Amino acid sequence: MTTRPALVPASTPALDATMPLLFVLLWSTGFIGARFGLPDAGPMSFLSVRYVAVIVLMGALALALRAPWPRSRREALHIAVSGLLVHGVYLGGVFTAISHGLPAGVTALVVGLQPLVTALGARAFLGEQVRPRQWAGLALGLAGVALVVAHKAGTVAPGALGTMLAPAVVALLGITAGTLYQKRFCPSFDLRTGSVLQFLPCLILTGALALAETQPVRWTGNFVFALAWLVLVLSLGAVTLLNLLIRRGSAVHVASLFYLTPPTTALIAWALFDEQLGLPALAGMALAAAGVGLARQPASPRHTPISRAHTSSG
4 MTTRPALVPA STPALDATMP LLFVLLWSTG FIGARFGLPD AGPMSFLSVR YVAVIVLMGA
64 LALALRAPWP RSRREALHIA VSGLLVHGVY LGGVFTAISH GLPAGVTALV VGLQPLVTAL
124 GARAFLGEQV RPRQWAGLAL GLAGVALVVA HKAGTVAPGA LGTMLAPAVV ALLGITAGTL
184 YQKRFCPSFD LRTGSVLQFL PCLILTGALA LAETQPVRWT GNFVFALAWL VLVLSLGAVT
244 LLNLLIRRGS AVHVASLFYL TPPTTALIAW ALFDEQLGLP ALAGMALAAA GVGLARQPAS
304 PRHTPISRAH TSSG
């Protein structure tokens with residue numbers, strides 16, 4: 004008999020409809036936080052400080068509430084590997100790309116390819132059946148993302164574009180592989196102890212890379228605000244929602260939400276920094292939203308994914 008993992012709310016129609024929207028809103032603020040904080044720290048140093056804060060907070064919460072840890076080393080290892088891919092490789096690539104001068108919109112466009120890559124991987128790795136309607140939605144979403152950020156691509160010097168894009172491509176591969184890996188090997192775990200296990204290897208990796216950085220961390224007001232936002236809102240709030248969404252839905256459904264990140268980020272940047280949105284960008288947002296709607300439509304019984312998420316917890 005299986006048991007419901009700790010801190011997993013019961014599924015209701017209202018909650019199932021709200022969680023994806025809240026996740027997109029919170030996840031989209033990550034680029035804004037990077038814009039505030041990266042001028043005052045190297046990307047790996049910034050991330051290392053962020054991971055330390057998350058581990059301390061979630062570790063204290065797990066101990067105070069006596070949260071259960073994984074039952075085996077194998078289960079703990081799967082959780083750690085998924086965290087290293089979903090958070091360590093992804094965030095390291097994104098922050099490095101932005102710090103090297105790649106516009107946030109272009110970075111978002113590269114990472115926005117994740118739903119297409121995930122759909123291919125889900126079919127081969129998880130046995131999930133990707134329906135024609137989902138393929139159409141994924142393609143429509145990609146077209147929308149391209150419209151939103153196309154005007155920013157022209158700001159990058161052609162000769163330097165390849166070097167700037169490399170970390171973003173690494174980020175794309177990391178979060179795609181991590182989503183598939185977590186869905187396959189550890190879709191269900193306690194979110195308090197699981198966060199500690201997921202971010203610990205991220206700290207080891209980024210901490211080692213931070214030793215090579217020469218830029219010192221400057222504890223300015225902007226840096227402290229960005230750090231607090233990324234720790235509390237992103238690493239605790241958005242990542243918890245991501246884990247819940249991976250647990251409840253198919254990999255393709257979860258990945259399709261990332262198409263809404265660039266348009267939402269553009270809206271937030273418009274509100275905070277007065278970045279103007281032209282008609283192509285507005286049209287792109289509409290296309291991305293329509294594409295996500297198509298890709299996330301529930302499957303009929305004959306199209307039920309072969310691989311299902313387990314509900315047991317460590």
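In our numbering, the protein residues as written are 4 to 317.
For each residue, glycine too, the CB sits at the ideal point set by N, CA and C.
As the structure is a computational prediction, the values presented were derived from the model and not from experiment.
*In the structure shown, what three-state DSSP assignment does His-103 receive?*
coil
_Cα-Cα separation between Ala-70 and Ala-63, rounded to whole angstroms_ = 10 Å
_Which residue wins for smallest C-alpha separation from Val-120, given the options Ala-174, Ile-82 and Trp-273?_
Ala-174
*Can you tell me which of Ile-249, Leu-285 and Thr-223 puts its alpha carbon nearest to the alpha carbon of Arg-44?*
Strictly speaking, residue 44 in this sequence is Ala, with Arg absent from that position. Minimum Cα distance to Ala-44 is reached at Thr-223.
_Selection from Ala-272, Pro-266 and Leu-239 that minimises the alpha carbon distance to Gly-340_ = Because the chain in this structure spans residues 4 to 317, residue 340 falls outside the shown range and cannot be described.
*Three-state secondary structure (DSSP) at Pro-42?*
helix
*Whole-Å CB distance - Pro-46 paired with Thr-99, under 8 Å assumed*: 5 Å
*Looking only at C-alpha atoms, which of Ile-207, Asn-246 and Val-97 sits nearest to Ala-171?*
Val-97
*Neighbourhood of Thr-185 by C-beta, 6 Å cutoff - its chain only, sequence neighbours within 5 removed*: Inspection of the sequence shows that residue 185 is occupied by Gln rather than by Thr. Contacts found: Ser-85 and Ile-249.
*Could you tell me the distance, in whole angstroms, from the CA atom of Leu-214 to the CA atom of Ala-231?*
23 Å
*In the stretch 27-101, which residue ranges form an unbroken beta strand (DSSP E) of at least 3 residues, counting only runs that do not cross its ends?*
none
_For Gly-115 and Val-148, which I take to be in contact (beta-carbon distance under 8 Å), what is that distance rounded to the nearest angstrom?_
4 Å
*Would you kindly report the start and end of the unbroken alpha helix (DSSP H) that includes Val-227?*
224-232
*Applying the criterion that 16 or more other CB atoms from any shown protein chain within 10 Å of the CB defines a buried residue, is Val-113 buried or exposed?*
buried
*Range of the contiguous alpha helix (DSSP H) that encloses Gly-210*: 194-213
*Just to confirm, are Thr-325 and Ser-31 a CB contact at a threshold of 7 Å?*
Past the boundaries of the shown model lies residue 325; the chain is included only from 4 to 317, so the question cannot be answered.
*Would you kindly check if the distance between the Cβ of Phe-49 and the Cβ of Gly-36 is under 7 Å?*
no
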